[in-house]
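In mature numbering (1 follows the signal peptide of the UniProt record, and there is no 0), the protein residues as written are -28 to -1, 1 to 294.
Given below as structure tokens:
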């Protein structure tokens, strides 16, 4: 009796030790990520909220740094993180990249190669319709010397959205534009458009944006099969990139962090990328998905520069995967 009772106990002990070893490794990753979030790479964007998760469920690790201003359910402006949403909408609407001559123009617009380099999203705050956002000021100006080359901004996407021969969303308001996007993506209730700018007008929470990322990761959205697909060069004489000389690529309104290196406009040196997909916003909201589509992360603030938030988010990601 005594001998028999010891055998399963020994097995349980060994299994328990193995479980603790695995759990310890995961915990170490989370600890490293937490240390990075509280480290020097993230000092400049405090306060902020951050999280890392997988393709289902809640965050694996998360935290509030520098105060409680931002939480998982805090709705904030996400600026250019709106682009990823709109890119996913287009691919969902067309069951993949749109085809034909109009489709080619839409794809070119999503890759920012249509020459609308004078776009100002600030003007769009004074407009009611998608077309108004496209036409106001110099937003509809085209620099023919830039057509066919990557020039970052919201103008090309707004052009594709407003043109009746392309996406035909010209009469959509902020409310009806959201309804249109939601008819394909079924976003969480924290998503809304402040104004009808498809490339930068949204608000959301980390919680609802995480659900969007999980739908990209698990194959719910068509874009899951096209993350990083047919990515274009962002570094050339005719190109303009907010990443300075960092040689990332761009695909369907999201970044591919496959750079070999370079420097951000603020002088920060950036090391070789890990192939993650992302869509950082000018106000500091930085969402990403790992190259293997197994892990996502978010840095959430609306009071920091995208460069500082990007540096922080990459530091957290690197620490997590060490």
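The beta carbon of each residue, even a glycine, is placed where N, CA and C say it ideally should be.
Query, Result
"Using only alpha-carbon positions, find the residue among 133, 114 and 123 that is nearest to residue 104.", "133"
"Given a cut-off of 7 angstroms, decide if residue 162 and residue 190 are closer than it, judged by their beta-carbon atoms.", "no"
"By the three-class DSSP mapping on this structure, what secondary structure does residue 52 have?", "helix"
"Note down the Cα distance separating residue 54 from residue 3, rounded to an integer number of angstroms.", "30 angstroms"
"Mind listing, in chain order, the continuous alpha helix (DSSP H) runs of no fewer than 4 residues lying wholly within the region 25 to 74?", "54 to 65"
"So which of 160, 164, 156 and 170 has the shortest CA-CA distance to residue 306?", "Nothing about residue 306 can be read from this structure; the chain reaches only from -28 to 294."
"Taking the alpha carbon of residue 198 as the reference point, which residue from 289, 293 and 224 has its own alpha carbon closest?", "224"
"Assuming residue 266 contacts residue 250 (C-beta within less than 8 angstroms), just tell me the rounded distance between them.", "The pair is not a contact, with the Cβ atoms about 15 angstroms apart (cut-off 8 angstroms)."
"Would residue 67 be called buried (16 or more neighbouring beta carbons within 10 Å of its own) or exposed?", "exposed"
"Taking the straight line between their C-alpha atoms, what separation do you get for residue 82 and residue 129?", "6 angstroms"
"Need the endpoints of the alpha helix (DSSP H) that residue 223 sits in, please.", "It is not in any alpha helix (DSSP H) - residue 223 instead sits in the beta strand (DSSP E) that spans 221 to 223."
"With H, G and I counted as helix, E and B as strand and the rest as coil, what does DSSP make of residue 167?", "coil"
"If you follow the alpha helix (DSSP H) that residue 119 is part of, which residue opens it and which one closes it?", "Element bounds for residue 119: n/a, residue is neither H nor E."
"Drop a sphere of 10 angstroms on the beta-carbon of residue 287, count the other beta-carbons inside from all chains shown, and report buried for 16 or more, exposed for fewer.", "buried"
"Go ahead and label residue 176 buried or exposed: buried means 16 or more other beta carbons lie within 10 angstroms of its beta carbon, across all protein chains shown.", "buried"
"Please determine if the region 91 to 99 and the region 108 to 116 are in contact, where contact requires at least 3 C-beta pairs separated by less than 8 angstroms.", "yes"
"Report buried or exposed for residue 208, applying the criterion of at least 16 other Cβ atoms within 10 angstroms of its Cβ.", "exposed"
"For a test of the three-state rule: what should DSSP assign to residue 84, helix, strand or coil?", "coil"
"Suppose you measure from the CA of residue 294 to the CA of residue 8; what does that come to, to the nearest Å?", "11 angstroms"
"Let's see if you can read the secondary structure: which residues bound the alpha helix (DSSP H) around residue 17?", "Premise fails: residue 17 is in no alpha helix (DSSP H) and is neither H nor E."
"Output yes or no for whether 7 angstroms exceeds the beta carbon distance between residue 257 and residue 50.", "yes"
"My output table needs one value for residue 272: the three-state DSSP class, helix, strand or coil.", "strand"
"What's the call for residue 158, buried or exposed, on a 16-neighbour Cβ count within 10 Å?", "exposed"
"Looking at the strands, I want to know which residues DSSP matches up with residue 215.", "None; residue 215 has no bridge partner."
"Can you list, in chain order, the residues of its chain whose CB lies under 6 angstroms from that of residue 99, leaving out five sequence neighbours each side?", "105 and 108"
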